[in-house]
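Just add 1 to the spot in the sequence shown (first one is 1) and you have our numbering. So the structure is just underneath, and the comments pick up after that.
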Amino acid sequence: MSVVSKGDKIFITSLLIPTLFFLSFIEFIPIIYALLYSFTSSSTFNPTINFICLNNYVSIIYSTFFWQDVINTLEYGSVTAIIQTLLGLGLAILFKDKRGGLYTIAKALIFIPYALPYVSVSLVWKFLLDPQYGAVNKIMLALRLINDPIDFFGNPANAM
Numbered sequence: 002m003s004v005v006s007k008g009d010k011i012f013i014t015s016l017l018i019p020t021l022f023f024l025s026f027i028e029f030i031p032i033i034y035a036l037l038y039s040f041t042s043s044s045t046f047n048p049t050i051n052f053i054c055l056n057n058y059v060s061i062i063y064s065t066f067f068w069q070d071v072i073n074t075l076e077y078g079s080v081t082a083i084i085q086t087l088l089g090l091g092l093a094i095l096f097k098d099k100r101g102g103l104y105t106i107a108k109a110l111i112f113i114p115y116a117l118p119y120v121s122v123s124l125v126w127k128f129l130l131d132p133q134y135g136a137v138n139k140i141m142l143a144l145r146l147i148n149d150p151i152d153f154f155g156n157p158a159n160a161m
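What follows is the structure, given as structure tokens:
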């Protein structure tokens, strides 16, 4: 068990307050606004706000479409969860301690979707930071922040 000093508590609080303030505007306030808006009969085409209490929720509960959607969601969620679990477990058992060409190819095909986002982001940054055609150098040259393009990846001084 560690003891947090009063200075650390103040530091932690000073870091959390801006984050919570930002999150309240980005997430919580729209959620509260949507909840309050759900108790009215206004819409995009009818901007007048009439408070109707729980009538919207009552009409949803008595709607046959709502209950069919609930059933469809539960069916879809449970079936896909079962299939994904069984498929993942089956592949894990199949590839456990296996060596050889076919297993290596199959493992690579399974791994590729996880690696592709990182590869694409890396390529985008490579193009942005290109010394001849990159947007970062073009912007810095246009703003006269630099006189010559910077070779971000070709200069050892820029490496970590």
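Built from N, CA and C at the ideal position, the CB exists for glycine as well. Because the structure is a prediction, the values reported are computed rather than measured.
Can you look up residue 41 in the DSSP assignment and give me helix, strand or coil? Counting from 1 along the sequence shown, the entry for residue 41 is found at position 40. Residue state, collapsed to three classes: strand.
Taking the CB atoms as reference points, tell me whether residue 132 and residue 157 lie closer together than 7 Å. Translated into the one-based positions of the sequence shown, residue 132 becomes position 131. Translated into the one-based positions of the sequence shown, residue 157 becomes position 156. In this structure, residue 157 does not lie closer than 7 Å to residue 132 by Cβ.
Whole-angstrom distance between residue 123 and residue 12, CA atom to CA atom: Position 11 of the sequence shown holds residue 12. Position 122 of the sequence shown holds residue 123. Residue 12 and residue 123: Cα-Cα distance of roughly 35 Å.
Where are the beta strand (DSSP E) runs, 3 residues long or more, that stay fully inside the region 50–130, in chain order? none
Report the option in 146, 128 and 144 whose CA atom is closest to the CA atom of residue 153. Position 152 of the sequence shown, counted from the first residue, corresponds to residue 153. Nearest C-alpha to residue 153: 128.
Might you give, ordered along the chain, the residues of its own chain that have their beta carbon closer than 6 Å to the beta carbon of residue 143, omitting 5 neighbours on each side? Locating residue 143 in the sequence shown gives position 142, where the first residue counts as 1. Taken in chain order, the list of residues that qualify is empty.
Is any beta-carbon of chain B found at less than 7 Å from that of residue 115? The chain inventory of the structure shown lacks chain B, comprising one protein chain alone.
For residue 9, three-class secondary structure by DSSP: What you label residue 9 is simply residue 8 of the sequence shown in a count that begins at 1. In this structure, residue 9 counts as helix in the three-state DSSP scheme.
Can you name the start and end residues of the alpha helix (DSSP H) that residue 138 belongs to? The count along the sequence shown starts at 1 and reaches residue 138 at position 137. Counting along the chain, the alpha helix (DSSP H) containing residue 138 begins and ends at 136–143.
Integer Cβ distance of residue 41 from residue 50, believed to fall under 8 Å: Counting from one through the sequence shown, the residue named residue 41 turns up at place 40. Counting from one through the sequence shown, the residue named residue 50 turns up at place 49. At roughly 5 Å, the Cβ-Cβ gap stays under 8 Å, so residue 41 and residue 50 are in contact.
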